[in-house]
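J.: Quick one: the structure is below, questions incoming.
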Amino acid sequence: MNTIQKIKGVADLFEPESTAFTRLETVAREVFSRYGYQEVRVPILEKTELFARSIGEETDVVQKEMYTFPDRKDRMLTMRPEATAGILRACIENKLFAEHPVAKLYSFGPMFRYERPQKGRMRQFHQLDAELLGPREPEADAEVLLMLWTYLRELGLRKLCFELNSLGCAACRPGYRAALAAYYSGLDTAALCEDCRRRKDTNPLRVLDCKVPACKEATAGAPLITDCLCPGCAAHFAALRAALDAQGVEYALNPRLVRGLDYYVGATFEITSSDIGSQTAVAGGGRYDGLIRDLGGPDVAGIGFAIGMERLAMLLPETRPPAPDFFLALLDQTAAAEALALAQALRTQGLRGDMDFAAGSVKSRMRAAGKSGARFCLLLGAEELARGTVVVKDMAAGSQAEVSRTDPGALRAALANPGANA
Ligand code: HAM
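End of the sequence shown = 431 in the working numbering, gap-free, step of one.
This is the structure:
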């Protein structure tokens with residue numbers, strides 16, 4: 010019978026990737042909780058309208074990349090392409106802001122985008138997302154960036170580049186859009202890619218962020234948003250930069266950084282790496298004041314980021330789970346029930362180990378123990394069964410001792426101390 014294969018752009022994660030993912034989550038929980046963040050879990054399926062209204066009708070994500078389908082009652086549903094919209098919907102629906110003027114939330118999970126798969130770009134990928142809802146001050150932006158910076162450093166990643174920009178607010182944008190439109194009107198649009206020929210009218214800022222070399226070249230002289238900021242946005246951005254400078258966070262200003270989602274205003278950022286192939290963005294985020302109101306909630310400000318876990322995992326040194334403490338090998342099938350009881354007793358005491366359910370020769374059992382990577386091999390046959398003992402073999406030292414099974418202290422001591430039987 011032919012086997013069933015996974016669909017394109019998704020991955021099965023075994024060791025060592027699964028351990029790397031666990032590490033990313035464990036360190037995030039630890040670091041984010043120091044900053045007062047709490048975990049939230051929100052649905053993968055949402056009404057399509059949520060994403061169209063928040064991410065923006067004209068974005069590539071909404072136009073081309075969403076997994077959208079009617080359910081059995083013809084309601085349009087979408088498998089989330091990102092986490093921010095769902096988290097905000099959940100806060101509004103659960104009236105979180107009535108009780109808490111400030112919310113600090115993080116979440117992990119799978120996201121779905123119908124993109125052309127390549128290294129670091131999947132159709133099902135995972136994000137680690139954090140959102141700070143409430144404060145509008147530049148110090149809040151700085152705290153979010155410092156948390157991300159601290160997280161990456163605690164993972165041992167110091168070679169990443171922080172790119173920073175301000176996209177301005179509703180007051181700065183009309184003037185900037187007009188300046189861009191004037192610039193585009195003098196351009197030979199034949200030099201732009203097909204997407205940018207459309208974008209220059211529907212989403213003019215996005216043209217600046219296009220990765221196609223011809224578009225980059227054609228728009229090299231475009232006006233920059235940072236030259237068009239209103240006094241409020243300019244002061245906010247300067248204060249954020251001063252706070253980051255004071256903390257020794259290195260960043261590069263990138264006035265062409267636009268981001269692929271339309272809800273951003275003010276500070277935006279991306280963390281990039283040259284070590285993960287052509288998809289260089291490991292994380293991205295920014296401020297989105299006004300989005301909560303646009304989704305029907307109160308006028309609460311917000312800023313956050315999401316990290317692509319597949320991309321970050323590629324940068325981690327390989328991590329493997331710790332070696333098991335014991336491997337319990339049966340030399341005689343009559344000892345099977347006792348072996349199971351012994352393994353259970355050791356695991357209940359907190360030791361990690363595996364057991365072989367089938368009996369075999371000492372030689373074959375030792376080979377299996379060696380493969381398992383365990384520090385000790387425990388051998389149990391008919392003779393040990395009768396004597397109330399078990400043979401404890403120290404795999405590294407090659408020494409062995411016969412230890413009482415009924416004296417838990419003796420067995421524990423033998424297992425706690427590699428090399429002691431030599
Ligand atoms: P984003 O830049 O669209 O932002 O995605 C964040 C990160 O998710 C990217 O930097 C990248 O590492 C990863 N990513 C995106 N698409 C893929 C893919 N197809 N395959 C693998 N990794 C991918 C957001 O999603 C915003 N919601 C971030 C945010 C939170 N802004 C404010 N709060």
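All C-beta atoms in this analysis are idealised placements derived from N, C-alpha and C, irrespective of residue type, glycine included. In this text, all values refer to a predicted model and were calculated from it rather than measured experimentally.
Under the three-state reduction of DSSP, which class applies to His245: helix, strand or coil?
T.: By one-based count along the sequence shown, residue 245 stands at place 236. Here His245 sits in helix by DSSP.
J.: When you compare the CB positions of Pro119 and Arg329, do they come within less than 8 Å of one another, or not?
T.: For this step, residue 119 is matched to residue 110 along the sequence shown. For this step, residue 329 is matched to residue 320 along the sequence shown. Their beta carbons are not under 8 Å apart, which means Pro119 does not touch Arg329 by this criterion.
J.: Is any heavy atom in the ligand HAM found nearer than 7 Å to the beta carbon of Ala315?
T.: By one-based count along the sequence shown, residue 315 stands at place 306. Ala315 Cβ: within cutoff of the ligand HAM.
J.: Kindly indicate which residue of Cys242, Met404, Ala276 and Asp334 has the alpha-carbon position closest to the one of Phe314.
T.: For this step, residue 314 is matched to residue 305 along the sequence shown. Cα-wise, what sits closest to Phe314 is Ala276.
J.: Would you check if the distance between the CB atom of Thr68 and the CB atom of Leu86 is smaller than 8 Å?
T.: Taking the sequence shown and counting its residues from 1, one reaches residue 68 at position 59. Taking the sequence shown and counting its residues from 1, one reaches residue 86 at position 77. Not closer than 8 Å, so no.
J.: Whose C-beta lies closer than 6 Å to the C-beta of Ala188 among residues of the same chain, with five residues either side of it excluded?
T.: Along the sequence shown, one-based indexing puts residue 188 at 179. Around Ala188: Pro232.
J.: Can you tell me where the beta strand (DSSP E) holding Phe336 begins and where it ends?
T.: Counting from 1 along the sequence shown, the entry for residue 336 is found at position 327. Here the beta strand (DSSP E) through Phe336 covers Phe335 to Leu339.
J.: Looking at C-alpha atoms only, which residue of Pro417, Cys100, Ala229 and Lys104 is the closest neighbour of Thr398?
T.: In the sequence shown, the residue the question calls residue 398 occupies position 389. Of the listed residues, the one whose Cα sits closest to Thr398 is Pro417.
J.: Check Glu393 in the structure and name its three-state DSSP category.
T.: Counted from its first residue, the sequence shown places residue 393 at position 384. Glu393 falls in the helix class under three-state DSSP.
J.: Pull up the CB-CB distance for Met318 and Phe23, whole angstroms please, since I reckon it's below 8 Å.
T.: Here the question's residue 318 lines up with position 309 in the sequence shown. Here the question's residue 23 lines up with position 14 in the sequence shown. Not a contact, Cβ separation roughly 15 Å.
J.: Answer with buried or exposed for Ser287, where buried requires no fewer than 16 other C-beta atoms within 10 angstroms of its C-beta.
T.: For the purposes of this step, residue 287 is taken as residue 278 along the sequence shown, with counting starting at 1. That one is exposed.
J.: If you check the beta carbons only, do Gly65 and Val111 fall under 8 Å apart?
T.: The sequence position of residue 65 within the sequence shown is 56, counting from 1. The sequence position of residue 111 within the sequence shown is 102, counting from 1. Not closer than 8 Å, so no.
J.: Starting from Asp363, trace the beta strand (DSSP E) in both directions and tell me its first and last residue.
T.: Locating residue 363 in the sequence shown gives position 354, counting from the first residue. Gly362 to Met364 is the extent of the beta strand (DSSP E) around Asp363.
J.: Does DSSP put Phe41 in a helix, in a strand, or in coil?
T.: Translated into positions along the sequence shown, residue 41 becomes position 32. In the structure shown, Phe41 sits in a helix (DSSP, three-state: H, G or I).
J.: Can you tell me whether DSSP reads Asp416 as helix, strand or coil?
T.: Start at 1 with the first residue of the sequence shown, and residue 416 comes out as number 407. Coil, per DSSP.
J.: Between Arg356 and Asp363, what straight-line distance do the alpha-carbon atoms span, to the nearest angstrom?
T.: Position 347 of the sequence shown holds residue 356. Position 354 of the sequence shown holds residue 363. Roughly 9 Å between the two C-alpha positions.
J.: Between Tyr273 and the rest of its own chain, which residues show a CB-CB distance below 7 Å, the 5 nearest in sequence each way excluded?
T.: For this step, residue 273 is matched to residue 264 along the sequence shown. Contacts found: Leu176, Gly295, Arg296 and Tyr297.
J.: Give the DSSP-derived three-state secondary structure of Thr77 in the structure shown.
T.: Counting from 1 along the sequence shown, the entry for residue 77 is found at position 68. Looking at Thr77 - three-state DSSP - the assignment turns out to be strand.
J.: How many angstroms separate the CA atom of Asn430 from the CA atom of Gln136?
T.: Position 421 of the sequence shown holds residue 430. Position 127 of the sequence shown holds residue 136. Here the model assigns Asn430 a pLDDT of 48, short of 50, so the residue's position is not dependable, and the following value carries that caveat. C-alpha separation (whole angstroms): 48 Å.
J.: Ignore the nearest five residues each way along the sequence and tell me which others in Arg159's own chain have a CB closer than 7 Å to its CB.
T.: Position 150 of the sequence shown, counted from the start, is the residue given in the question as residue 159. Correcting the residue identity first, residue 159 is Thr in this sequence and not Arg. Within the same chain, Thr159 has close Cβ partners Val40.
J.: Tell me, which residues are paired with Leu388 by DSSP?
T.: Sequence index remark: in the sequence shown, residue 388 carries index 379 (1-based). In DSSP, Leu388 forms a bridge with Ala338 and Val400.
J.: Can you tell me whether Leu169 is buried or exposed? The criterion is at least 16 other CB atoms within 10 Å of its CB, across all chains shown.
T.: Your numbering for residue 169 matches position 160 in the sequence shown. That one is buried.
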